[in-house]
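Residue numbers (the working numbering): 11 to 506.
Right under this line is the structure:
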């Protein structure tokens with residue numbers, strides 16, 4: 011039977027207690043789930059129950075069946091992929107938002123959803139130091155919440171295509187090209203698949219710290235235009251996933267002044283949150299973002315202390331979104347919408363319905379405050395600096411590229427009588443990483459930079475401290491010794 015109010019109250023108390031117990035014991039759990047593929051299907055019946063069950067049994071099965079199958083992204087020794095924030099304030103914000111579930115597709119269906127989002131997006135724009143042109147209060151630009159940076163980029167690309175077609179109605183669609191770099195998140199390539207458009211991946215160089223440079227961009231644009239190809243959007247990155255690279259937005263923006271129909275989208279999904287700290291704004295290219303960006307994205311749900319999902323997108327001109335995406339059937343028309351006195355956020359992105367995401371951002375911003383946010387970002391960067399110092403002082407490890415904020419990319423590079431070839435180093439590091447990834451007490455991820463196989467350590471869990479950084483390094487030293495010996499055993503076969 012469905013829960014009544016008092017039964018819900020009791021079940022809610024139990025859920026909160028178990029969530030608290032989970033976080034109390036999190037540090038003692040394996041970082042990585044120990045289950046095998048298909049474990050859950052074997053444990054569950056083939057069909058949904060015919061009759062309702064006691065809800066206590068449902069909650070007990072969550073503990074018994076679901077928790078063992080979780081990889082614990084909030085574990086203090088989780089250093090893989092990117093941070094995924096999860097705070098108690100965000101959890102409660104999600105709970106409140108779910109309790110008054112509504113689709114939020116226009117102002118009238120729930121005014122608080124729209125108005126809080128508009129306010130919170132302006133709070134955040136100011137916190138990050140964005141140009142006032144991006145504020146909702148500007149009446150021209152503004153910010154909107156999305157599910158992910160992929161959705162934000164896809165929305166920007168759809169709007170950029172629409173703008174380009176209006177400006178260049180005689181150019182065939184199959185001549186349009188999306189520009190990304192080899193360090194851009196896969197969101198760019200996926201957008202090309204979704205929209206059926208060409209994507210050109212621009213090469214970046216190790217000597218430029220894997221950043222896109224202006225002259226390289228200019229050369230490629232000229233090459234494509236001579237062939238009749240027309241780039242209409244460039245996606246640049248602040249803090250790429252693989253390397254932490256920061257594209258030279260200043261140089262790219264200067265080049266694009268000569269090509270005003272090319273949209274400049276800044277994907278700062280992970281590292282954009284560093285802008286809350288004034289001392290990191292120059293490195294993160296804030297001045298260039300404010301001068302040249304058509305749109306800017308960062309994710310609260312990565313390094314912003316807000317539970318997934320909570321991506322944010324700002325545009326300098328909101329009509330670029332609404333001209334491309336405004337569909338208003340009669341049943342969605344409202345007095346305020348027709349008068350233009352309110353924002354109807356459904357016209358700022360691809361979907362119709364939307365979640366009340368701004369509530370959890372509001373909870374977190376008010377609880378932590380700007381200084382609490384800055385303290386969290388600075389702590390993560392300090393911990394990464396600690397790890398980087400271990401790599402720097404080690405005779406057996408080396409940076410593949412310089413540390414970027416809270417990310418270090420490195421490889422095992424032991425001193426040998428003769429320098430090792432790239433192939434040998436890659437082989438050794440694959441063995442090393444296979445040993446690391448088999449560990450239960452720490453989790454890192456692999457990547458490849460211009461043919462170099464390497465390993466990433468990303469700091470971001472709120473509960474990580476210097477003891478977890480030291481433990482991670484000690485584990486690496488331990489596994490490196492075994493990996494080197496294992497690799498040496500393969501040398502005769504490799505030589506043949």
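Cβ coordinates follow ideal geometry from the N, Cα and C atoms, glycine included.
Check: Anyone know if the C-beta pair for residue 362 and residue 115 falls short of 7 Å?
Finding: The residue labelled residue 362 in the question sits at position 352 within the chain shown. The residue labelled residue 115 in the question sits at position 105 within the chain shown. Yes. Within cutoff.
Next item on the list: State the CB to CB distance for the pair residue 407 and residue 422, rounded to an integer number of angstroms; the pair is presumed to be in contact (CB under 8 Å).
Entry: To locate residue 407, count along the chain shown from 1; it is residue 397. To locate residue 422, count along the chain shown from 1; it is residue 412. Confirmed, Cβ separation roughly 6 Å.
Next item on the list: Between the Cα of residue 64 and those of 84, 93, 12, spot the shortest distance and give me the residue it belongs to.
Entry: To locate residue 64, count along the chain shown from 1; it is residue 54. Of the listed residues, the one whose Cα sits closest to residue 64 is 12.
Notebook entry, point to check: Among 409, 266, 154, which one has its Cα closest to the Cα of residue 462?
Noted result: Locating residue 462 in the chain shown gives position 452, counting from the first residue. Taking only the C-alpha atoms, the option nearest residue 462 is 409.
Next item on the list: Would you decide whether residue 31 is buried or exposed? Buried here means 16 or more other CB atoms lie within 10 Å of its CB.
Entry: As a position in the chain shown, residue 31 is number 21, starting the count at 1. With fewer than 16 Cβ atoms within 10 Å of its Cβ, residue 31 is classed as exposed.
Check: In chain order, what residues of the same chain have a beta carbon less than 6 Å from the beta carbon of residue 96, not counting five sequence neighbours either side?
Finding: Taking the chain shown and counting its residues from 1, one reaches residue 96 at position 86. Taken in chain order, the residues that qualify are 84, 317.
Notebook entry, point to check: Does DSSP classify residue 324 as helix, strand or coil?
Noted result: Counting from one through the chain shown, the residue named residue 324 turns up at place 314. Strand, per DSSP.
Next item on the list: Please classify residue 468: does DSSP put it in a helix, a strand, or coil?
Entry: Within the chain shown, residue 468 is the residue found at index 458, counting from 1. Strand at residue 468.
Margin query: Our contact map puts residue 397 next to residue 418 with C-beta atoms below 8 Å; I'd like the distance itself, whole angstroms only.
Written below: Sequence index remark: in the chain shown, residue 397 carries index 387 (1-based). Sequence index remark: in the chain shown, residue 418 carries index 408 (1-based). Their Cβ separation, rounded to whole angstroms, is 6 Å, which keeps residue 397 and residue 418 in contact under 8 Å.
Next item on the list: Could you tell me if the beta carbon of residue 485 falls within a distance shorter than 6 Å of some heavy atom in the ligand MN?
Entry: No copy of the ligand MN appears in this structure; indeed no ligand is present at all.
Check: Alpha carbon to alpha carbon, what distance is there between residue 489 and residue 364?
Finding: Position 354 of the chain shown, counting from 1, holds the residue named residue 364. Position 479 of the chain shown, counting from 1, holds the residue named residue 489. The straight-line gap separating the alpha-carbon atoms of residue 364 and residue 489 is approximately 46 Å.
Margin query: So within the region 238-269, which uninterrupted alpha helix (DSSP H) runs reach at least 4 residues, ignoring any that extend past its ends?
Written below: 259-266
Next item on the list: Please confirm whether residue 314 and residue 283 have their CB atoms less than 7 Å apart.
Entry: Here residue 314 refers to the residue found at position 304 of the chain shown. Here residue 283 refers to the residue found at position 273 of the chain shown. Contact flag set, yes.
Notebook entry, point to check: Would residue 204 be called buried (16 or more neighbouring beta carbons within 10 Å of its own) or exposed?
Noted result: Reading the chain shown from its first residue, position 194 is the one you call residue 204. Residue 204 comes out exposed.
Next item on the list: With distances taken Cα to Cα, identify the nearest neighbour of residue 302 among 324, 178, 82.
Entry: For the purposes of this step, residue 302 is identified with residue 292 of the chain shown, where counting begins at 1. Closest by alpha carbon: 324.
Check: What did DSSP end up calling residue 11 once you bin it into helix, strand or coil?
Finding: Position 1 of the chain shown, counted from the start, is the residue given in the question as residue 11. Note: residue 11 maps to coil in three-state DSSP.
Notebook entry, point to check: To the nearest angstrom, how far is it from the Cα of residue 439 to the Cα of residue 429?
Noted result: Looking up residue 439 in the chain shown gives position 429. Looking up residue 429 in the chain shown gives position 419. Cα to Cα, the separation comes out at about 15 Å.
Item checked: Boundaries of the alpha helix (DSSP H) in which residue 235 is found, first to last residue -> The residue labelled residue 235 in the question sits at position 225 within the chain shown. 224-236 is the extent of the alpha helix (DSSP H) around residue 235.
Next item on the list: Give the straight-line distance between the Cα atoms of residue 487 and residue 27, rounded to the nearest whole angstrom.
Entry: Start at 1 with the first residue of the chain shown, and residue 487 comes out as number 477. Start at 1 with the first residue of the chain shown, and residue 27 comes out as number 17. Rounded to the nearest angstrom, the two C-alpha atoms are 39 Å apart.
Note to self: The alpha helix (DSSP H) that contains residue 311, what's its start and end?
What the structure shows: Here residue 311 corresponds to residue number 301 of the chain shown, with the count starting at 1. That run of the alpha helix (DSSP H) goes 310-313.
Check: Where do the ends of the alpha helix (DSSP H) carrying residue 131 lie?
Finding: For the purposes of this step, residue 131 is taken as residue 121 along the chain shown, with counting starting at 1. Taken as a continuous stretch (DSSP letters only), the alpha helix (DSSP H) holding residue 131 covers 121-138.
Notebook entry, point to check: Going by the CB atoms, is the gap between residue 306 and residue 276 shorter than 7 Å?
Noted result: Numbered from 1 along the chain shown, position 266 holds the residue referred to as residue 276. Numbered from 1 along the chain shown, position 296 holds the residue referred to as residue 306. Yes, Cβ-Cβ distance for residue 276 and residue 306 is below 7 Å.
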